Ligand SMILES: [Zn+2]
Ligand SMILES: [Zn+2]
């Protein structure tokens, strides 16, 4: 009897735990007229995301803090939309970073300390965000190929970086001489770093549309959190409770112990991919449809599944395993590929929380 009651209690707690968690769609990186090279006001930028069903937005201006309290929100403001106070700490070509959920502007002395190496600049950004009680996302490491795995690996307290960024100049996929950002991610993970992958659009242009412009809607995150507040979203991202996407939506993205389960929400994905804002990664070779890969150390594909549903039990053999979903369709110049990237499961005990 006692066992039965205990079992019911565990089940109840489990159900309560599940029901309080929701998925929230957001963009952690966007610009406004205030930086001098974007085309819309904070209000117009906010309205763009609000109208399209996003739940949160970071107005991440270059070395300027836009206090959300100063932004006039849309007249028909939904109660499931918030701004998260942020800034893009911008240290020349050496490093840009989103300081997420900060109290105020990051100390300008920490933007690009003179004589500092790339590693030291990123480290200063981490400290700058911490001083303002926020978390740091290292942005677009392949913009000018500024930050390699070697630059990033020694940074302490960095647990988030942009795996995907929608700006046309950021070289997400590398070239003949440079690694893709995903290869950089696997290098860092293989080497023992605890770092999660973010996707953002880094939009600057809302008036002119086209592949050459830095338009919104090309990358976002889906965050699983207890509530929609700046603290809840920021902490959930810091824990890795989110996935990054360039268009693929998931109806299940769960990690239960060591089992990773993925189910693609095909309706929601087709809805996203029918918009004129998403931009696929074009490859000459490919195959239409959905596939799911489970990827381990050194970027090795441990298992690949054709179709919209898969699960994988991670063994001790691999220090980490992560899931990646690809949705591929035929385009004018080859195959257009869109992705969702889940965060890794670690088996080697790496953690960034004080026990
Ligand atoms: Zn930037
Ligand atoms: Zn930016």
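Numbering (the working numbering), first residue to last: 251 to 605. Here a beta-carbon is modelled for each residue, glycine too, at the ideal position from N, C-alpha and C. Computed from a predicted structure; not experimentally measured.
Asked: Sequence-distant residues of its chain with Cβ nearer than 7 Å to residue 463 (five each side left out); Found: 455
Asked: Segment limits, beta strand (DSSP E) that includes residue 439; Found: Per DSSP, residue 439 belongs to no beta strand (DSSP E); it is in the alpha helix (DSSP H), 431 to 440.
Asked: Per-residue DSSP class, three states only, for residue 282; Found: coil
Asked: Local conformation of residue 589 per DSSP, three classes; Found: strand
Asked: Meets three-Cβ-pair contact criterion under 8 Å: the region 537 to 553 and the region 480 to 494; Found: no
Asked: Check: residue 377 C-beta below 7 Å from any heavy atom of ligand 2; Found: no
Asked: From 332, 318, 489 and 329, residue whose alpha carbon lies closest to that of residue 201; Found: Within the shown structure, residues of the chain are numbered from 251 to 605, placing residue 201 beyond reach of any answer.
Asked: Three-state secondary structure (DSSP) of residue 550; Found: coil
Asked: Residue 485 beta carbon near ligand 1 (any heavy atom closer than 7 Å); Found: no
Asked: As assigned by DSSP and simplified to three states, the class of residue 598; Found: coil
Asked: As assigned by DSSP and simplified to three states, the class of residue 495; Found: strand
Asked: Neighbour-count burial assignment, residue 276, 16 or more Cβ in a 10 Å radius; Found: buried
Asked: Residue 359, DSSP secondary structure in three states; Found: helix
Asked: Buried or exposed (CB count within 10 angstroms, at least 16 for buried), residue 468; Found: buried
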